[in-house]
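Chemist: Protein sequence lines, in the order shown, are assigned to chains A and B. Position one of the first sequence corresponds to residue 1 (the numbering used here), numbered consecutively onward. Position one of the second sequence corresponds to residue 187 (the numbering used here), numbered consecutively onward. By construction, the Cβ of each residue, glycine as well, lies at the ideal position given by its N, Cα and C atoms. No experiment lies behind these values; they were computed from the predicted model shown.
Protein chains: 2
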Amino acid sequence: MTTVRRSDATRAAILEAARERFASDGYERATIRAIARDAGIDPSMVMRYYGNKEGLFAAASEIELDLPELGLLPARHIGAVLVTHFLERWERDDVLTGMLRVGVTNEAGAERMQAVFARQLGPVTRGVCPDPDQAPRRAALVASQILGMALARYVLRLPPAVEMSTDEIVAWLGPTVQRYLTAEAP
Amino acid sequence: MTTVRRSDATRAAILEAARERFASDGYERATIRAIARDAGIDPSMVMRYYGNKEGLFAAASEIELDLPELGLLPARHIGAVLVTHFLERWERDDVLTGMLRVGVTNEAGAERMQAVFARQLGPVTRGVCPDPDQAPRRAALVASQILGMALARYVLRLPPAVEMSTDEIVAWLGPTVQRYLTAEAP
DNA sequence: TACCGTAGCCAACGAGCGTTGGCAAACAAC
DNA sequence: GTTGTTTGCCAACGCTCGTTGGCTACGGTA
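(1) Run the CB neighbour count on residue 98 of chain A, radius 10 Å, all protein chains shown included, and call it buried at 16 or more, exposed below.
(2) Can you grab the Cα-Cα spacing for the pair residue 238 of chain B / residue 244 of chain B, in whole Å?
(3) With 8 Å set as the bound, which would you pick, yes or no: does the beta-carbon of residue 433 of chain B sit closer than that to a beta-carbon of chain A?
(4) I want to see whether chain B comes within less than 8 Å of residue 1 of chain A, judged by CB atoms only; does it?
(5) By alpha-carbon positions, which one of B:291, B:325, B:293 and B:289 ends up nearest to residue 306 of chain B?
(6) Going by the CB atoms, is the gap between residue 30 of chain A and residue 22 of chain A shorter than 8 Å?
(7) List the residues of chain B whose Cβ lies closer than 8 Å to the Cβ of residue 166 of chain A, in chain order.
(8) Under 7 Å between beta-carbons, which chain B residues line up against residue 103 of chain A? List them in chain order, please.
(9) Mapping DSSP to helix, strand and coil, what is residue 319 of chain B?
(10) Measure from the C-beta of residue 272 of chain B to each C-beta in chain A and report whether the shortest distance is under 8 Å.
(11) On the premise that residue 85 of chain A lies in contact with residue 67 of chain A, defined as a C-beta separation below 8 Å, what is that separation, rounded to the nearest angstrom?
(12) Distance cutoff 8 Å, beta carbons only. Does residue 333 of chain B sit that close to anything in chain A?
(13) Could you name the residues of the same chain whose beta carbon sits closer than 7 Å to that of residue 1 of chain A, not counting the 5 residues immediately before and after it, in chain order?
(14) For a test of your reading of the model: does the CB of residue 132 of chain A fall under 7 Å from any non-hydrogen atom of the ligand FMN? Yes or no.
(15) Smallest Cα separation from residue 280 of chain B: which of B:248, B:206, B:363 and B:372?
(16) As an exercise, report each continuous beta strand (DSSP E) stretch of at least 3 residues that is fully enclosed by the segment 187–263 of chain B, in chain order.
(17) Can you give the Cα-Cα distance for residue 332 of chain B and residue 18 of chain A, rounded to whole angstroms?
(18) With a floor of 4 residues, list each alpha helix (DSSP H) that falls wholly inside the segment 294–346 of chain B, ordered by position along the chain.
(19) Report back the beta-carbon spacing between residue 148 of chain A and residue 136 of chain A to the nearest angstrom; my notes put them in contact at under 8 Å.
(20) Distance check for residue 242 of chain B and residue 229 of chain B, CA to CA, integer angstroms please.
(21) Buried or exposed: where does residue 83 of chain A fall if 16 or more other Cβ atoms within 10 Å of its Cβ makes it buried?
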């Protein structure tokens, strides 16, 4: 459909640099000039291809959680599977850390984050919890525990949270997530 | 010991304005000029009394969690008590929200947050968990769940997390925290 | 070869930032 | 009443930011 442009490589380089900068510095401190320097091009190119800083952020924060289909596996393992998946997703690259960082300081970032979780985590929970109308609430509980661990481990870097192995985290958080998804409402 | 200065009212006004700005805007977007405007004085006064922006932030983020003595109450209620206490503390003012916001984008903020939790949450957990050498780890797990809920509810404002009543949150998170503190290590 | 859209860089703009130094008024000490 | 200290404001500094407009050079097309 869209043809290949000569500038595609540049666009991709900008996007990659932007993701890294937003992730490590947050929205305000991630400057267009620094992103352009990382990408090896002129700051004005960023403006040409993405309009302005907000547009660049919007393009850089398209996120896929790649959640597994929970309905296809044993009901009693979904907590551990979900936690494992998120930990892997979080360690694979720093896009999620970036989204978290930006979501905290930037209104557009927070909305993006709401959308990602509503659209990608919501449906997954709807299939496994006993009361489908409570699914959003249960998804929010799961998000609170998973985002909280990511916050403690990857952003705030609380030493005990950093030192724990992923297995250990799964062993502790798995049952929590499992309960939030499948237990009867308290 | 220190005598009362005529400028104490000004100092206090600056501090209050700084706390609000840091809380709502984060470290970078909270400008000294805006804080001074809120406090009704000149920006240069902020520099005179607090040295620079970092000094102002350090002074504005002295935080007391006011945690209760967990040893004094029934062991099986400490999870609910802790969650209740944090929710109240969080809703009372926006200092904690601010600390969270700044801790995410600012290195000094993250360190301040590490210190607050290590110094104030750590000791409380040490008395109630079965293996005192694992106390920091358990405290980090508790922090991950409580900070995660604060993140979802007060910062990102995920709609389902905002809509839940505090009782409901306590009913869900209480057992989680209880388990992190008192259950045998998995 | 002549042409035209695209890709890229350079230089500059206006604005906002943290921060500084000096000056005027209010107060305190003698 | 004079002197020294505190409190406050004003004006400016150097810097970085996002953003703009114009210029050169390249690549495909006729």
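Modeler: Result, derived from the coordinates:
(1) Within the first sequence, numbered from 1, the residue matching residue 98 of chain A stands at position 98. Looking at its Cβ environment, which holds 16 or more other Cβ atoms inside 10 Å, residue 98 of chain A is buried.
(2) As a first step, residue 238 of chain B must be located in the second sequence, where it is residue number 52. As a first step, residue 244 of chain B must be located in the second sequence, where it is residue number 58. Linking residue 238 of chain B to residue 244 of chain B through their CA atoms gives a straight-line distance of about 10 Å.
(3) Residue 433 of chain B is absent from the structure shown; chain B starts at 187 and stops at 372.
(4) On the first sequence, position 1 is the one that residue 1 of chain A refers to. Unreliable placement is indicated for residue 1 of chain A, whose pLDDT of 46 sits below 50; no coordinate value is reported for it.
(5) Residue mapping note: residue 306 of chain B aligns to position 120 of the second sequence, counting from 1. Nearest C-alpha to residue 306 of chain B: B:325.
(6) The sequence position of residue 22 of chain A within the first sequence is 22, counting from 1. The sequence position of residue 30 of chain A within the first sequence is 30, counting from 1. Yes, they are a contact pair.
(7) For the purposes of this step, residue 166 of chain A is taken as the residue at position 166 of the first sequence. Simply none; closest approach about 13 Å.
(8) Translated into positions along the first sequence, residue 103 of chain A becomes position 103. Counting only Cβ-Cβ distances below 7 Å, residue 103 of chain A has contacts in chain B at 342, in chain order.
(9) Position 133 of the second sequence, counted from the start, is the residue given in the question as residue 319 of chain B. Looking at residue 319 of chain B - three-state DSSP - the assignment turns out to be helix.
(10) Position 86 of the second sequence holds residue 272 of chain B. Chain A, which has no Cβ nearer than 8 Å to the Cβ of residue 272 of chain B, makes this no.
(11) For the purposes of this step, residue 67 of chain A is identified with residue 67 of the first sequence, where counting begins at 1. For the purposes of this step, residue 85 of chain A is identified with residue 85 of the first sequence, where counting begins at 1. By a beta-carbon distance limit of 8 Å, residue 67 of chain A contacts residue 85 of chain A. Their separation comes to about 7 Å.
(12) Here residue 333 of chain B is taken as the residue at index 147 of the second sequence, counted from 1. For residue 333 of chain B, the answer is yes, since a Cβ of chain A falls inside 8 Å of its Cβ.
(13) The sequence position of residue 1 of chain A within the first sequence is 1, counting from 1. With a pLDDT of only 46 at residue 1 of chain A, under the threshold of 50, the placement of this residue in the model should not be trusted, and no figure is reported.
(14) Absent from the structure shown: the ligand FMN. Ligands present: none.
(15) Locating residue 280 of chain B in the second sequence gives position 94, where the first residue counts as 1. When only C-alpha atoms are compared, the closest one is B:206.
(16) The segment 187–263 of chain B contains no whole beta strand (DSSP E) run of 3 or more residues.
(17) Taking the first residue of the second sequence as 1, we reach residue 332 of chain B at position 146. Taking the first residue of the first sequence as 1, we reach residue 18 of chain A at position 18. Rounded to whole angstroms, residue 332 of chain B to residue 18 of chain A spans 31 Å at the Cα level.
(18) Whole alpha helix (DSSP H) segments, 4+ residues: 308–312 and 321–336.
(19) The count along the first sequence starts at 1 and reaches residue 148 of chain A at position 148. The count along the first sequence starts at 1 and reaches residue 136 of chain A at position 136. The pair is not a contact, with the Cβ atoms about 18 Å apart (cut-off 8 Å).
(20) Numbered from its first residue, the second sequence carries residue 229 of chain B at position 43. Numbered from its first residue, the second sequence carries residue 242 of chain B at position 56. A straight line joining the alpha-carbon of residue 229 of chain B with that of residue 242 of chain B spans about 12 Å.
(21) Along the first sequence, one-based indexing puts residue 83 of chain A at 83. With 16 or more other Cβ atoms within 10 Å, it is buried.
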